[in-house]
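Engineer: This is the structure, below, for whatever I ask next.
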Amino acid sequence: MKFDKNIRSVYISGSISGRSKEDADYHFKAVQQCIENSRDIYVYNPMEFKERDTWEDYMRDGISSLVDSDAILMLEGWNKSRGASLERIIAFELKIPIYYEEDQPWAFWEN
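Here the sequence shown stands for residues -16 to 94, where the numbers follow the working numbering.
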């Protein structure tokens, strides 16, 4: 994973709704492990956040973690997700560096 040296925390953003919980959980965890194995970086993985009742509550938790992050990593398929699209806009407006899974040499997901 090629993050700038000043990156100490990364928020993972991607499609969760519309796919099986198992598929999303596997994808997010695999990416988290790749990041953590490459360097000492804290990873905010929304699949590990506390259970919530509504999409809006999940987004509040996600946005709170995003604004505390040094970077955001957009998983493949992010553009099909209303939440991930919103997170990308917030990151862009706050000048949080945006990375894309498909640009990374380790992006090789087989489900």
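C-beta atoms are modelled at their ideal positions from N, C-alpha and C, and glycine is treated no differently.
What whole-angstrom Cβ distance do Ile81 and Ile46 have, given they're in contact under 8 Å?
Structural biologist: Rounded, the Cβ-Cβ distance is 15 Å, inconsistent with contact.
Engineer: Within a Cβ cutoff of 8 Å, which residues of the same chain sit near Ser68, ignoring the five residues on either side of it in sequence?
Structural biologist: These residues qualify, in order along the chain: Trp61, Asn62.
Engineer: Drop a sphere of 10 angstroms on the beta-carbon of Glu84, count the other beta-carbons inside from all chains shown, and report buried for 16 or more, exposed for fewer.
Structural biologist: Glu84 comes out buried.
Engineer: So does Ala74 have its beta carbon nearer than 7 Å to some heavy atom of the ligand FMN?
Structural biologist: The ligand FMN is absent from the structure shown, which contains no ligands of any kind.
Engineer: Considering only C-alpha positions, which residue in the set Phe11, Ile55, Glu5, Ser21 is nearest to Lys(-15)?
Structural biologist: Checking every option, the nearest Cα to that of Lys(-15) belongs to Ser21.
Engineer: Let's test the definition: count the other Cβ atoms within 10 Å of the Cβ of Ser124 and tell me whether it reaches 16, buried, or not, exposed.
Structural biologist: Shown here, the chain extends from -16 to 94; a query on residue 124 therefore has no answer.
Engineer: Are Lys12 and Asn28 close, meaning C-beta to C-beta below 8 Å?
Structural biologist: Cβ distance < 8 Å, so Lys12 and Asn28 count as in contact.
Engineer: Does any CB atom of chain B fall closer than 8 Å to the CB of Ile(-10)?
Structural biologist: You won't find chain B in this structure, because it holds only one protein chain.
Engineer: Suppose the cutoff is 8 Å on Cβ atoms and the five residues either side in sequence are ignored; what does the same chain contact list for Asp44 look like?
Structural biologist: These residues qualify, in order along the chain: Pro29, Phe32, Lys33, Arg35.
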